[in-house]
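From first to last, the protein sequence lines are chains A and B. Residues in the first sequence are numbered consecutively from 1, following the UniProt record's numbering. Residues in the second sequence are numbered consecutively from 1, following the UniProt record's numbering.
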Amino acid sequence: MTYTLNFAAVWRSFDLLLQGLALSLGLAVVAILAGCVIGLITAFGLVSKSMLLRKPAGLYVTIIRNTPILVLVLFSYFALPELGVRLGKIQSFVLTLAIYSGAYLAEVFRGGLIAVPPGQREAGLAIGLTEMQIRISIIIPLMLRNVLPSLGSTLISLFKDTSLAAAIAVPELTFEARKINVETFRVIETWIVASCLYVATCSLLAALMRAVERRLAVPR
Amino acid sequence: MDLGFIDQLWVARVPLLKGLGVSISISLLAIVVGTVLGIFVGLALTYGYRPIKWLVRGYTDFIRGTPVLVLVLASYYVLSTVGIDLGPFQAGVLALAVFCSSHVGELVRGALQSIPKGQTEAAKAIGLTFPQTFAYVLGPQALRQALPAWVNTAAEMVKASTLLSIIGVGELLLRTQEVISRTFMSLEFYFFAGFLYFVMNYGIERFGRYVERKTAVPS
Numbered sequence: 001m002t003y004t005l006n007f008a009a010v011w012r013s014f015d016l017l018l019q020g021l022a023l024s025l026g027l028a029v030v031a032i033l034a035g036c037v038i039g040l041i042t043a044f045g046l047v048s049k050s051m052l053l054r055k056p057a058g059l060y061v062t063i064i065r066n067t068p069i070l071v072l073v074l075f076s077y078f079a080l081p082e083l084g085v086r087l088g089k090i091q092s093f094v095l096t097l098a099i100y101s102g103a104y105l106a107e108v109f110r111g112g113l114i115a116v117p118p119g120q121r122e123a124g125l126a127i128g129l130t131e132m133q134i135r136i137s138i139i140i141p142l143m144l145r146n147v148l149p150s151l152g153s154t155l156i157s158l159f160k161d162t163s164l165a166a167a168i169a170v171p172e173l174t175f176e177a178r179k180i181n182v183e184t185f186r187v188i189e190t191w192i193v194a195s196c197l198y199v200a201t202c203s204l205l206a207a208l209m210r211a212v213e214r215r216l217a218v219p220r
Numbered sequence: 001m002d003l004g005f006i007d008q009l010w011v012a013r014v015p016l017l018k019g020l021g022v023s024i025s026i027s028l029l030a031i032v033v034g035t036v037l038g039i040f041v042g043l044a045l046t047y048g049y050r051p052i053k054w055l056v057r058g059y060t061d062f063i064r065g066t067p068v069l070v071l072v073l074a075s076y077y078v079l080s081t082v083g084i085d086l087g088p089f090q091a092g093v094l095a096l097a098v099f100c101s102s103h104v105g106e107l108v109r110g111a112l113q114s115i116p117k118g119q120t121e122a123a124k125a126i127g128l129t130f131p132q133t134f135a136y137v138l139g140p141q142a143l144r145q146a147l148p149a150w151v152n153t154a155a156e157m158v159k160a161s162t163l164l165s166i167i168g169v170g171e172l173l174l175r176t177q178e179v180i181s182r183t184f185m186s187l188e189f190y191f192f193a194g195f196l197y198f199v200m201n202y203g204i205e206r207f208g209r210y211v212e213r214k215t216a217v218p219s
């Protein structure tokens, strides 16, 4: 069987794909920002001396990391309304993604926190800073530089996970691709273009993160 | 008829158990096929001749840059368009195996590259051929290095098996959705499905930790 590739139909809807891509990126960026806040708080819980903080933080990380993200997405969209929490498609997806990435980032940040030498905290205490001031102006900045590579790869995998929003009909890239697929029957062409958009964006994000890492690198 | 959750769970036990079985078979197949493919990918990435290395590098980078859901959808719709008639199950497993192979490939490459050059040189010095060197010297060391990450990949595959529900494979999540559409108990049944996945993955995670401890180099 011969099949002639014909991209014309896909090009006609290319702006839809680009809109979808922009939404995918937006979802990933908002989710990782919220995830960083959740992850940071959880990471301080994970390294805390108090059992009351350590246990719940560990439980959250273990449960989220061992549950498929699609189950989380469907749960928050279809099951939360039963508990009286009614969110729109996009809100519920961003919330899920933030909670999901928060669990992964908590582990990343925990590693980064441990890697900050204790002398830094002691120096802060010596010049009379409070614990909170030490965290905000000494430990977190130092930790962030340590974890930048992992933060970058989390952002990239989060960007790919936004494709799951198609399951609850959020018009991101995968959803738009499926729609074009159904309307034009140009199956192969649509998926080639959509995958290339994903791959290109991932490479771009990776390059961007490398540039940030270089700028923030400790001068030797 | 007004049944509670436990009664509904009992009514739905057969489809849910079947779905669990399908989920497990999807994951196992994807892991086995993906690992075999991935070992070749890793070997090519480490020892391949230039053009082969570039080709395989392009393959892994492309697969790793594409969301798994896109791979699953593309595999299902594209293969049937070009006349290869695979059912949703086969197409889905193929997509997951390809995804798995790119991850295992990178694991194998990392493990092989971390072995000191002296090992290969020593093997050459005592007259081993390359296949012998790989079987007796490099392979076992790489295995120890790659095992913990490989176990993580296995847990990843169990989670990715849920994506096959979107192309209509009757695995645990799809069966759960069907039960929910009949009983309207979305909270309870999604929770139940999530719990089952958690148990599977947590088991794999614990097993991974155990293997890691067992295979650690005594220091």
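Cβ coordinates follow ideal geometry from the N, Cα and C atoms, glycine included. Note that the structure is a prediction, hence the values are computed from the model and not measured.
When the distance is taken between beta carbons, is residue j closer than 8 Å to residue i?
i                      : j                      : result
residue 171 of chain B : residue 19 of chain B  : yes
residue 39 of chain A  : residue 105 of chain A : yes
residue 154 of chain A : residue 32 of chain A  : yes
residue 86 of chain B  : residue 79 of chain B  : yes
residue 166 of chain B : residue 71 of chain B  : no
residue 123 of chain B : residue 104 of chain B : no
residue 223 of chain A : residue 60 of chain B  : Residue 223 of chain A lies beyond the stretch modelled for chain A, which goes from 1 to 220, so this question has no answer here.
residue 52 of chain B  : residue 108 of chain B : no
residue 147 of chain A : residue 108 of chain A : yes
residue 193 of chain B : residue 71 of chain A  : yes
residue 217 of chain B : residue 148 of chain B : no
residue 188 of chain B : residue 5 of chain B   : yes
residue 164 of chain B : residue 26 of chain B  : yes
residue 21 of chain A  : residue 173 of chain A : yes
Let me check understanding here. Comparing Cα to Cα, which of the options lies closest to residue i?
i                      : options                       : result
residue 120 of chain B : B:133, B:113, B:159 and B:147 : B:133
residue 102 of chain A : A:213, A:35, A:200 and A:178  : A:35
residue 66 of chain A  : B:212, B:218 and B:199        : B:199
residue 67 of chain B  : B:215, B:9 and B:100          : B:100
residue 13 of chain A  : A:175, A:202 and A:215        : A:175
residue 162 of chain B : A:74, A:156 and A:193         : A:74
residue 16 of chain B  : B:43, B:204, B:209 and B:196  : B:196
residue 151 of chain A : A:197, A:61 and A:210         : A:210
residue 142 of chain A : A:121, A:45 and A:159         : A:121
residue 157 of chain B : B:29, B:13, B:3 and B:12      : B:29
residue 111 of chain A : A:45, A:85 and A:71           : A:45
residue 161 of chain A : A:82, A:23, A:181 and A:145   : A:23
residue 47 of chain A  : A:179, A:115, A:145 and A:124 : A:115
residue 48 of chain B  : B:130, B:7, B:21 and B:84     : B:130
residue 190 of chain B : A:78, A:196 and A:28          : A:78
residue 194 of chain A : A:181, A:52 and A:28          : A:181
residue 159 of chain A : A:191, A:203, A:131 and A:119 : A:203
residue 236 of chain A : B:206, B:213 and B:185        : This structure does not reach residue 236 of chain A, given that chain A is present from 1 up to 220, and the question cannot be answered.
residue 197 of chain A : A:168, A:131, A:219 and A:15  : A:15
Compute the beta-carbon to beta-carbon distance between residue i and residue j, rounded to the nearest angstrom, for a pair I have assumed lies under 8 Å.
i                      : j                      : result
residue 170 of chain A : residue 90 of chain A  : 6 Å
residue 164 of chain A : residue 69 of chain A  : 6 Å
residue 204 of chain B : residue 146 of chain B : Contact doesn't hold; Cβ gap of about 16 Å is too wide.
residue 102 of chain B : residue 50 of chain B  : No, residue 102 of chain B and residue 50 of chain B are not in contact; Cβ-Cβ is about 20 Å, not under 8 Å.
residue 17 of chain A  : residue 201 of chain A : Not quite, the Cβ-Cβ distance comes to about 12 Å (not below 8 Å), so this is no contact.
residue 6 of chain A   : residue 186 of chain A : 7 Å
residue 43 of chain A  : residue 144 of chain A : Wrong, their Cβ atoms sit about 11 Å apart, outside the cutoff.
residue 138 of chain A : residue 124 of chain A : 5 Å
residue 77 of chain B  : residue 92 of chain B  : Going by Cβ atoms, the distance from residue 77 of chain B to residue 92 of chain B rounds to 12 Å, so no, they are not a contact pair.
Is there at least one Cβ from chain E nearer than 8 Å to residue i's Cβ?
i                     : result
residue 74 of chain A : You won't find chain E in this structure, because its protein chains are A and B.
For the ligand ADP, is there any heavy atom lying closer than 7 Å to the beta carbon of residue i?
i                      : result
residue 166 of chain A : Here there are no bound small molecules, and the ligand ADP is not part of this structure.
Using a Cβ-Cβ cut-off of less than 9 Å, give me the residues of the stretch 155 to 169 of chain B that come near chain A, in sequence order. Among the residues of the stretch 155 to 169 of chain B, those with a Cβ less than 9 Å away from any Cβ of chain A are 155, 158, 159, 160, 161, 162, 163, 165 and 166, in the order of the chain.
Give the residues from the stretch 35 to 69 of chain A that approach chain B closer than 9 Å (Cβ to any Cβ), ordered along the chain. Residues 62, 63, 65, 66, 67, 68 and 69.
Quick test of the definition: if touching needs 3 or more C-beta pairs under 8 Å, does the stretch 28 to 42 of chain B touch the stretch 96 to 103 of chain B? The stretch 28 to 42 of chain B, when compared against the stretch 96 to 103 of chain B, does touch it at the 8 Å Cβ threshold.
Which residues, in chain order, does the stretch 58 to 69 of chain B contribute to contact with chain A at a C-beta distance below 7 Å? Contacts with chain A (Cβ-Cβ distance below 7 Å) from the stretch 58 to 69 of chain B involve 62, 65, 66, 67 and 69, listed in chain order.
Closer than 7 Å, Cβ to Cβ, to anything on chain A: give me those residues from the stretch 32 to 61 of chain B, in chain order. Going along the stretch 32 to 61 of chain B in chain order, one finds no residue with a Cβ nearer than 7 Å to chain A.
If contact means a Cβ-Cβ distance below 8 Å, which residues of the stretch 172 to 198 of chain A contact chain B? Cβ contacts with chain B come from 174, 177, 178, 181, 187, 188, 191, 194, 195 and 198.
Quick one: any contact between the stretch 178 to 187 of chain B and the stretch 38 to 54 of chain B, if contact means 3 or more CB pairs under 8 Å? With a cut-off of 8 Å, the stretch 38 to 54 of chain B and the stretch 178 to 187 of chain B do not count as touching, because too few Cβ pairs lie within range.
Using a Cβ cut-off of 8 Å, which residues of the stretch 126 to 141 of chain B contact any Cβ in chain A, in chain order? For the stretch 126 to 141 of chain B, which is checked against every Cβ of chain A, not one residue is closer than 8 Å.
Quick one: which residues of the stretch 195 to 218 of chain B get their C-beta closer than 7 Å to a C-beta of chain A? List them in chain order. Among the residues of the stretch 195 to 218 of chain B, those with a Cβ less than 7 Å away from any Cβ of chain A are 197, 198, 201, 202 and 205, in the order of the chain.
Residues in the stretch 19 to 31 of chain A with C-beta within 7 Å of chain B's C-beta atoms, listed in sequence order? Taken residue by residue, none of the stretch 19 to 31 of chain A has a beta-carbon sitting less than 7 Å from a beta-carbon on chain B.
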